[in-house]
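Position 203 (the sequence shown) corresponds to 205 in the working numbering; numbering is contiguous.
Where is the CB? At the ideal position from N, CA and C, for every residue including glycine.
The structure displayed is predicted, hence computed values, not measured ones.
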Amino acid sequence: RKLIYNRAVMERFFKIGTEQQRHIADYRGNTDNYDDYLNYSVFPSTSYYIEEQVVMPARQQAEADVSILPDTVRIQTCLNYGYREELSELVRILNDPALFQGQVQVTPVSNQRIAEGNYDAVLVPVCGYRSNFLFDLYDIFLREPDFTSHRINLVTTADGEGERVVDNSSFEENRNFFRIDLGRDSPDREGFARLLEYVHGFMSTRHLGDKQAYARMIDELDQRLALGSWLFSLPSLAYFSTQFDNESIDLYGVASQLSTIENWKERPRKSLF
3 RKLIYNRAVM ERFFKIGTEQ QRHIADYRGN TDNYDDYLNY SVFPSTSYYI EEQVVMPARQ
63 QAEADVSILP DTVRIQTCLN YGYREELSEL VRILNDPALF QGQVQVTPVS NQRIAEGNYD
123 AVLVPVCGYR SNFLFDLYDI FLREPDFTSH RINLVTTADG EGERVVDNSS FEENRNFFRI
183 DLGRDSPDRE GFARLLEYVH GFMSTRHLGD KQAYARMIDE LDQRLALGSW LFSLPSLAYF
243 STQFDNESID LYGVASQLST IENWKERPRK SLF
């Protein structure tokens with residue numbers, strides 16, 4: 003996680019400081035506020051949980067100890083099923099030997115190769131950010147490693163009191179991108195079991211206080227387990243198209259699902275009479 007410096011990746015992605023810089027704006031009218039989209043937790047920095055300081059992840063990262071890393075950190079991704087332009091550019095950025103001491107190698111592979119799980123890490127876009135409050139953690143931790151479809155491996159059972167509880171079979175090696183398997187022993191097995199419990203609790207509770215408590219516990223556990231490097235969030239075209247005048251939206255590639263805003267204008271409201 004320490005090896006991948008998200009700010010460097012974002013600056014390259016948005017071409018910050020160059021003539022080709024991709025400008026952004028948010029619904030509050032802030033322009034080029036890239037730092038707001040850098041993520042330091044599984045919870046996006048633009049979400050309620052960070053903005054309201056429910057979760058306060060460390061924003062400063064120490065230098066990576068490259069002596070404990072393999073010569074090459076092998077990352078795989080699949081370019082055939084959505085976000086093709088964005089992922090292609092991230093592959094090019096991460097493969098630049100000038101970044102990360104040249105220890106990162108990202109390879110586009112077939113969907114079948116991803117399912118085999120022969121990687122150190124996988125580059126996956128996460129689309130479960132429904133709002134700044136309702137964030138889909140199942141989409142991150144329990145999504146099956148298949149780019150062709152979107153299936154969640156959530157298995158629940160009834161406890162002694164008839165309540166639905168999550169079953170350990172929700173974490174099986176070949177059914178999540180993290181290759182977590184609660185059916186085998188590992189040094190982090192207890193942590194994985196608690197993560198599954200917390201994620202189910204966060205997603206199933208309807209009480210704000212419980213959701214906040216689960217969010218804190220998930221963040222603390224994730225920081226210890228270091229399951230992923232949460233790079234940055236991007237403005238969604240679907241969100242902006244309902245909020246802004248279409249003429250102010252600059253599409254980021256014909257096949258892209260994302261956009262930037264050059265000179266944002268709010269869509270005029272229709273008269274009610």
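Can you give the beta carbon distance from residue i to residue j, rounded, assuming they're within the 8 Å contact cut?
{"i": "Arg196", "j": "Leu236", "result": "That belief does not hold up - the Cβ atoms of Arg196 and Leu236 are roughly 31 Å apart, past 8 Å."}
{"i": "Asp299", "j": "Ala117", "result": "Only positions 3 to 275 of the chain appear in this structure, which leaves residue 299 out of reach."}
{"i": "Val157", "j": "His202", "result": "With 8 Å as the limit, Val157 and His202 do not qualify as a contact, their Cβ atoms being about 10 Å apart."}
{"i": "Phe137", "j": "Ser49", "result": "6 Å"}
{"i": "Glu199", "j": "Asn178", "result": "Rounded, the Cβ-Cβ distance is 15 Å, inconsistent with contact."}
{"i": "Leu144", "j": "Ser188", "result": "The Cβ separation is near 18 Å, so there is no contact."}
{"i": "Gly119", "j": "Asn176", "result": "7 Å"}
{"i": "Val75", "j": "Ala10", "result": "That belief does not hold up - the Cβ atoms of Val75 and Ala10 are roughly 15 Å apart, past 8 Å."}
{"i": "Tyr42", "j": "Arg61", "result": "5 Å"}
When we look at the beta-carbon of residue i and count the other beta-carbons within 10 Å, is it buried (16 or more) or exposed?
{"i": "Leu229", "result": "buried"}
{"i": "Pro46", "result": "buried"}
{"i": "Leu233", "result": "buried"}
{"i": "Gln103", "result": "exposed"}
{"i": "Met205", "result": "buried"}
{"i": "Ala27", "result": "buried"}
{"i": "Glu88", "result": "buried"}
{"i": "Gln78", "result": "buried"}
{"i": "Asp221", "result": "buried"}
{"i": "Ile182", "result": "buried"}
{"i": "Ile70", "result": "exposed"}
{"i": "Phe16", "result": "buried"}
{"i": "Met58", "result": "exposed"}
{"i": "Leu125", "result": "buried"}
{"i": "Leu139", "result": "buried"}
{"i": "Phe180", "result": "buried"}
{"i": "Leu210", "result": "exposed"}
Spatial neighbours of residue i within its chain, please: C-beta separation below 6 Å, excluding the five flanking residues on both sides.
{"i": "Arg97", "result": "Checking the sequence shown, residue 97 turns out to be Asn, not Arg. If we look at Asn97 and ignore the five residues flanking it on each side, its Cβ neighbours are Val108."}
{"i": "Tyr39", "result": "Phe234 and Ser235"}
{"i": "Ile142", "result": "Val128"}
{"i": "Val56", "result": "Gln214 and Ala217"}
{"i": "Tyr7", "result": "none"}
{"i": "Cys80", "result": "Asn113, Ile116 and Phe149"}
{"i": "Asp73", "result": "none"}
{"i": "Thr207", "result": "Lys213"}
{"i": "Tyr121", "result": "Arg76 and Gln78"}
{"i": "Phe135", "result": "Tyr50"}
Would you give the residue range spanned by the beta strand (DSSP E) that residue i belongs to?
{"i": "Arg166", "result": "Arg166 to Val168"}
Going by DSSP, which residues form a beta bridge with residue i?
{"i": "Ile154", "result": "Arg145"}
{"i": "Val106", "result": "Val75"}
{"i": "Thr33", "result": "Ala27"}
{"i": "Leu40", "result": "Phe234"}
{"i": "Ala160", "result": "Arg166"}
{"i": "Val124", "result": "Gln78"}
Taking the alpha helix (DSSP H) that residue i belongs to, which residues open and close that run?
{"i": "Lys213", "result": "Leu210 to Leu227"}
{"i": "Tyr51", "result": "Tyr50 to Glu53"}
{"i": "Gly193", "result": "Arg191 to Ser206"}
{"i": "Val11", "result": "Asn8 to Phe15"}
{"i": "Ser90", "result": "Arg86 to Leu96"}
{"i": "Glu118", "result": "Asn113 to Glu118"}
Going by beta carbon distance, what residues of the same chain come within less than 8 Å of residue i, once the five residues before and after it are set aside?
{"i": "Arg191", "result": "Leu184"}
{"i": "Glu65", "result": "Lys4"}
{"i": "Met12", "result": "Ile18, Tyr36, Tyr39, Leu40, Leu233 and Phe234"}
{"i": "Phe153", "result": "The question names Phe, but residue 153 is Arg in the sequence shown. Arg145 and Glu146."}
{"i": "Asn32", "result": "Asp38"}
For residue i, verify whether its CB is less than 7 Å away from any heavy atom of the ligand HEM.
{"i": "Tyr50", "result": "This structure does not include the ligand HEM; it has no bound ligands of any sort."}
Who are the Cβ neighbours of residue i in its own chain at under 7 Å, not counting the five residues just before and after it?
{"i": "Ala90", "result": "Residue identity check: residue 90 is Ser in the sequence provided, not Ala. Cβ neighbours of Ser90 beyond the five flanking positions: Leu81."}
{"i": "Phe194", "result": "Phe173, Ile182 and Leu184"}
{"i": "Gln23", "result": "Phe16 and Lys17"}
{"i": "Glu165", "result": "none"}
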